Amino acid sequence: MKNIKEDEKLSIMNHSCAHLLAQAVKHLYPHALFWVGPVIEEGFYYDIDLGEDVIKEDDLVKIEQEMKKISKDGKRIVREELTKVEALEKFKSDPYKLDLINNMEEGTLITCYTQGDFTDLCRGPHIETVKDLRNFKLLKVSGAYFKGDSKNKVLQRVYGICFDNDTELNSHLEWLEDCKGRDHRKLGKELGIFMSHELVGLGLPLWLPNGAKVFDLLQAYIREKEESLGYLHVHTPCMATSELYKVSGHWDHYKDDMFPLMERDGEEFVLRPMNCPHHMLIYKNELHSYRNLPIRIGELAHDYRFEASGAVCGIERVRTFCQNDAHLYVRPDQIGEEFAAVVALIQDVYNDFGMEAEYYRLSLRDPSDKEKYFDDDEMWNKAENTLRAVLDTLGIKYVEAIGEAAFYGPKLDVQIKSAIGHELTLSTCQLDFLAPERFDLTYVDESGEKKRPVVLHRAILGSIDRFIAYLLEKTKGALPVWLAPTQVNIIPVNIEYHREYAKEIYELLRNNHIRVELDDRNEKLGYRMRESQTRKIPYTLILGDRERDNGEVSYRLHGKEETITLGIDEFIKYIDIEIKAKKNN
RNA sequence: GCCGAAAUAGCUCAAUUGGUAGAGCAACUGAUUUGUAAUCAGUAGGUUACGGGUUCAAGUCCUGUUUUCGGCACCA
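Throughout, the numbering used here is defined as the position within the first sequence, counted from one, plus 2.
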């Protein structure tokens with residue numbers, strides 16, 4: 003996907019196109035008022051106040067036509083400089099522009115741009131003439147809160163994108179079409195990964211046999227990695243008394259985003275939204291010597307969060323999900339080393355999946371937001387400076403993001419670009435000085451004194467659910483052999499003559515722990531091959547006279563045309579190596 | 001949650017201005033016995049998401065709920 007924002011020429015073009023959109027909207031809806039129309043990675047948008055009027059998806063066509071008409075007239079785009087007083091006078095009847103002007107610093111050069119009958123306050127720059135805006139497309143329309151605040155009124159937001167030439171525009175539109183085929187919700191249905199049902203509820207997916215297999219394999223994969231690094235895995239209940247979250251501090255911050263209280267016999271329970279408090283209690287269960295730290299407690303744990311209905315999406319954002327969670331209890335002098343180990347694990351896992359981090363984000367608190375963040379300046383400064391120093395020592399390049407920290411501490415987020423261009427956080431490592439205080443965690447140091455450990459919260463695959471969504475979109479559903487629910491599909495050419503040999507091979511592969519199916523239905527070979535391919539099974543074996551007489555198998559890889567014939571032992575050795583290597587497609 | 005759009009057979013989709021709910025695939029039965037992406041014929045399959053209303057008549061119009069989709073806000 004082309005990032006419009008990073009391309010200077012296209013940025014100017016798209017921003018000019020936003021003005022063209024506004025002009026067309028003004029022609030069609032004379033009462034329209036305009037807020038802002040910025041360039042974004044995916045093109046541009048404009049936020050519009052239409053009063054009682056609504057722009058619907060179908061209306062985009064006529065707006066586009068009006069834009070084309072204006073473009074054909076080919077008016078020049080004229081820049082004009084204004085003083086603040088002049089600007090206030092010029093836009094005196096437009097509350098949105100007055101809002102913008104009044105919020106500008108004294109002495110800022112104010113400019114506006116005019117094209118034909120339309121003038122808009124704007125910093126620019128713009129292209130010379132609207133004539134050059136020909137290859138654009140309006141993509142979608144939605145509501146958007148004024149100034150991004152859900153307490154404010156909703157404006158209409160129209161999205162579009164503009165290119166230099168129609169070839170680029172068309173290839174972009176093709177890419178958008180391709181994204182629909184990659185959507186994990188579509189693939190999840192087609193490949194029998196998961197389903198949902200309104201009787202179960204929103205955001206509560208049911209994992210079908212194929213999906214459950216992938217789920218289990220990923221759990222086993224990461225658990226093994228973690229075990230080799232000294233993690234200790236536990237199982238803890240998916241609920242607790244509300245008291246636990248009052249102790250941890252989560253209650254004050256998140257009680258509205260939890261499933262509601264369950265009350266019985268005077269006790270109050272909630273479904274857990276995270277695992278930290280349970281793990282803190284496990285740490286506290288025994289005395290710890292400074293010699294035994296770090297202690298790494300891991301769990302593949304199901305959590306429950308009452309996500310806003312509009313936020314729920316397939317298995318990417320759900321109301322119950324399985325976190326690949328762990329809490330590392332370290333001495334202050336071990337923070338750097340342990341942090342480095344987490345980053346190394348992330349990189350190791352990404353290498354296995356052929357993934358790359360888009361960028362690393364150091365998420366810091368917003369000091370002015372006293373409501374969200376635990377109020378202890380000293381603690382925050384210490385935590386943020388420690389984390390910054392650790393990252394600098396490790397030589398990790400990062401972007402600092404104010405207001406992205408957890409309420410209890412700063413974190414390193416590893417940002418990923420999904421195959422359809424969405425930025426998402428999968429892996430995270432967070433530094434927490436607060437939980438040890440809240441739970442009064444200690445270890446005994448060399449002089450016999452009780453000291454506070456530091457907690458690192460970390461997730462590598464993030465949630466298994468979201469990771470599978472990511473993988474499906476990345477691979478278009480053709481999972482690598484080691485993760486494929488069915489790895490080998492056997493098709494005997496003739497049911498009668500070749501079934502016995504096919505069964506023999508089937509048993510042999512099964513005994514070698516290969517996930518294999520035998521398709522001995524009374525259907526034509528072409529029919530069964532087609533189904534094998536659409537199910538995206540990595541290996542399809544064709545067994546007929548030739549193979550049977552020579553003790554061979556012929557296989558065809560998913561998406562490939564050619565057939566390769568190997569001796570059966572050779573084939574098993576070959577596929578076994580591929581599975582163990584966790585080779586990517 | 002907010003602004004919009006949508007929901008028809010297991011799946012993908014049809015159904016003039018309100019006037020008898022259809023097709024392909026899948027399933028089932030039979031025929032066919034096949035060397036790399038769909039063999040032929042037949043059978044069955046529906047309170048049109050759920051509830052209420054308007055109408056002689058509702059898949060179609062109005063309304064409430066649920067779910068899905070595009071965004072916004074949120075994301076410990």
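Every residue, glycine too, gets a C-beta built ideally from N, C-alpha and C. Everything numeric in this text was worked out from a predicted model, so none of it was measured.
Own chain residues within Cβ distance below 6 angstroms of residue i, not counting five before or after
i	result
E66	L140
V314	L204, G205
D368	I404, G405
Contacts around residue i, its chain only, beta-carbon distance under 7 angstroms, and the 5 residues preceding and following it disregarded
i	result
L396	A342, V345
V27	A34, I50, I65
G591	With the chain covering 3 to 587 only, the question about residue 591 has no answer from this structure.
L485	V216, L219
P438	R454, P455, V456, V457
K452	T444, V446
H174	K4, I163, F165
CA-to-CA distance, residue j to residue i, given in whole angstroms
i	j	result
A407	S365	5 angstroms
D180	G316	18 angstroms
Y256	H33	42 angstroms
F435	F138	51 angstroms
Y499	N491	18 angstroms
D119	T169	31 angstroms
E475	G405	29 angstroms
K374	D151	16 angstroms
R532	R523	14 angstroms
R125	I72	22 angstroms
D371	L389	20 angstroms
R225	V351	12 angstroms
P494	L347	44 angstroms
N496	L520	13 angstroms
R550	K585	29 angstroms
I2	D258	The question about residue 2 has no answer here: the residues shown for the chain are numbered 3 through 587.
Y31	L52	8 angstroms
F308	R333	35 angstroms
Q535	Y541	9 angstroms
L401	K94	A small correction: the amino acid at residue 401 is Val; Leu does not occupy that position in the sequence shown. Distance between the alpha carbons of V401 and K94 is about 40 angstroms.
S420	L426	7 angstroms
D473	G45	Per the sequence shown, residue 473 should be read as Leu rather than Asp. Distance between the alpha carbons of L473 and G45: 26 angstroms.
T477	N294	42 angstroms
L90	I103	7 angstroms
L171	D185	21 angstroms
I516	G213	17 angstroms
L178	G423	10 angstroms
H560	A480	8 angstroms
Residues near residue i by beta carbon distance below 8 angstroms, same chain, minus five either side
i	result
G79	Strictly speaking, residue 79 in this sequence is Ile, with Gly absent from that position. Cβ neighbours of I79 beyond the five flanking positions: S18, H21, Y115, T116, Q117, H128, I129, E130, T131, V132.
R159	Y47, Y48, D49, I50, V143, S144, G145, A146
E448	Y292
L443	M282, Y285, K286, Y331, A437, R454, P455, V457
E360	Q417, I418, K419, E425
C240	L273, R274, A303, H304, D305, Y306
Under the three-state DSSP convention, the category residue i falls into
i	result
E10	helix
T388	helix
W37	coil
F196	strand
E439	helix
S556	strand
Y147	strand
E519	strand
A407	coil
C315	strand
N513	helix
D354	helix
K64	helix
Q221	helix
R468	helix
V495	coil
W209	strand
C2	Since the displayed the chain opens at 3 and closes at 587, residue 2 lies outside it and no answer follows.
Nearest-angstrom beta carbon gap, residue j and residue i [assumed within contact, 8 angstroms]
i	j	result
S556	I566	7 angstroms
D134	F36	With a Cβ gap of about 22 angstroms, D134 and F36 do not count as contacting.
Proximity test, residue i beta-carbon vs the ligand COA heavy atom, cut-off 8 angstroms
i	result
F271	Looking at this structure, you won't find the ligand COA or any other ligand, since it has none at all.
Could you say if the stretch 239–247 and the stretch 267–281 meet the contact criterion of at least three C-beta pairs nearer than 8 angstroms? yes
Touching or not, the stretch 73–92 and the stretch 193–211, by the rule of three or more beta carbon pairs under 8 angstroms? Taking 8 angstroms as the limit for Cβ pairs, the verdict is that the stretch 193–211 does not touch the stretch 73–92.
Counting Cβ pairs, one atom from each stretch, are 3 or more of them under 8 angstroms apart for the stretch 461–474 and the stretch 344–360? yes
Say whether the stretch 421–440 touches the stretch 453–463, bearing in mind that this needs 3 or more beta-carbon pairs closer than 8 angstroms, one atom from each stretch. yes
Counting pairs of Cβ atoms below 8 angstroms between the stretch 322–331 and the stretch 274–286, do you hit three or more? yes
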